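Undergrad: Numbering (the working numbering), first residue to last: 3 to 257. All C-beta atoms in this analysis are idealised placements derived from N, C-alpha and C, irrespective of residue type, glycine included. All figures in this text were calculated on a predicted structure; none of them were measured in a lab. Before I ask anything, here is the structure I am working with.
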């Protein structure tokens, strides 16, 4: 069985975790497939936005495949997983929207956190249960206090308890909560609204906002002049102004 399904809808690349019988848990094969798909999308100019979702209705991703881990299956370091690691670390250039169709725990929750935006099913839950299994959230779960108040992050990390969708929305962990049947359509609409915009402008906005969040406003301001010089002098900037003046849709060339 193919562990990762891929399809394209115009400028949107849809990646679907496809291990439903294992609650879409991350084993070495799936991680390598994700890394390859992300790497290819990163350099493909026809892909402007990605949507990450999963097969089934019970789980978005159950995190590390503990059965595979207990049997000695390990993730080999190297180029085959480099882009997956880059993605988890927040250094992927293109916007990624998570369509969280079920519970996301452990590495599955960290996978969602690595996405730029998220649409979550109203019956889904989020959690960091690693301490229940003799582990700890060694991916990016320990960075959760950068996203939500420390006491809430500690509650999740130390008890292994779950957050429901309304609480996740209240805390700003997800952008929207939808009925299960509408999660992927809503994420695709969300993605299309991003893809309709200037690729250069979108890339610069993501780069500077993420830099601000990670390194502070001073770092973002220091990087701002170079982005202004590159984007505001581009063909797309001229096209955007011309399309506005002519009351038509712009034709972006990513130049």
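Given this structure, state the Cα-to-Cα distance separating residue 27 from residue 19, to the nearest angstrom.
TA: Rounded to the nearest angstrom, the two C-alpha atoms are 9 Å apart.
Undergrad: Which residue comes first and which comes last in the alpha helix (DSSP H) that contains residue 214?
TA: Counting along the chain, the alpha helix (DSSP H) containing residue 214 begins and ends at 201 to 217.
Undergrad: Is the Cβ-Cβ distance between residue 167 and residue 122 less than 8 Å?
TA: Contact: yes.
Undergrad: Quick one: what's residue 166 bridged to in DSSP?
TA: Answer is 127.
Undergrad: Let's see if you can read the secondary structure: which residues bound the beta strand (DSSP E) around residue 100?
TA: First-last of the beta strand (DSSP E) with residue 100: 98 to 102.
Undergrad: Per DSSP, what kind of secondary structure is residue 4 in: helix, strand or coil?
TA: Here residue 4 sits in coil by DSSP.
Undergrad: Would residue 103 and residue 53 be called neighbours here (beta carbons separated by less than 8 Å)?
TA: No, these two residues do not count as a Cβ contact at 8 Å.
Undergrad: Looking at the secondary structure, which residues open and close the alpha helix (DSSP H) in which residue 85 lies?
TA: Segment 81 to 90, the alpha helix (DSSP H) holding residue 85.
Undergrad: Just to confirm my understanding: we take residue 171, look at its own chain, exclude 5 residues before and 5 after, and list those with CB closer than 6 Å. What are they?
TA: Excluding positions up to five away in sequence, the list reads 179.
Undergrad: Report the rounded CA-to-CA distance for residue 146 versus residue 155, giving the unit in angstroms.
TA: So the alpha carbons of these two residues sit roughly 6 Å apart.
Undergrad: Less than 8 Å between C-beta atoms, sequence neighbours within five positions excluded: which residues of the same chain meet that for residue 2?
TA: Coverage of the chain is limited to positions 3 through 257, which leaves residue 2 absent and any answer about it impossible.
Undergrad: Among 133, 177, 109 and 3, which has the Cα closest to the Cα of residue 101?
TA: It is 177 whose Cα lies nearest to the Cα of residue 101.
Undergrad: Out of 83, 230, 12 and 126, which has the shortest C-alpha to C-alpha gap to residue 35?
TA: Among 83, 230, 12 and 126, the Cα nearest to that of residue 35 is on 83.
Undergrad: Determine the extent of the alpha helix (DSSP H) in which residue 34 is found, giving its start and end residues.
TA: It spans 30 to 45 - the alpha helix (DSSP H) in which residue 34 sits, taken as one unbroken run.
Undergrad: Going along the chain, which residues of its own chain have a beta-carbon closer than 7 Å to the beta-carbon of residue 245, five neighbours each way excluded?
TA: These residues qualify, in order along the chain: 251 and 252.
Undergrad: How big is the Cα-Cα spacing for residue 209 and residue 195?
TA: Rounded to the nearest angstrom, the two C-alpha atoms are 18 Å apart.
Undergrad: Is it buried or exposed, residue 96, if we count other Cβ atoms within 10 angstroms and call 16 or more buried?
TA: That one is buried.
Undergrad: Pick out whichever of 137, 136, 56 and 204 has its Cα sitting closest to the Cα of residue 17.
TA: Among 137, 136, 56 and 204, the Cα nearest to that of residue 17 is on 56.
Undergrad: Give the straight-line distance between the Cα atoms of residue 200 and residue 51, rounded to the nearest whole angstrom.
TA: The alpha-carbon atoms of residue 200 and residue 51 are separated by roughly 12 Å.
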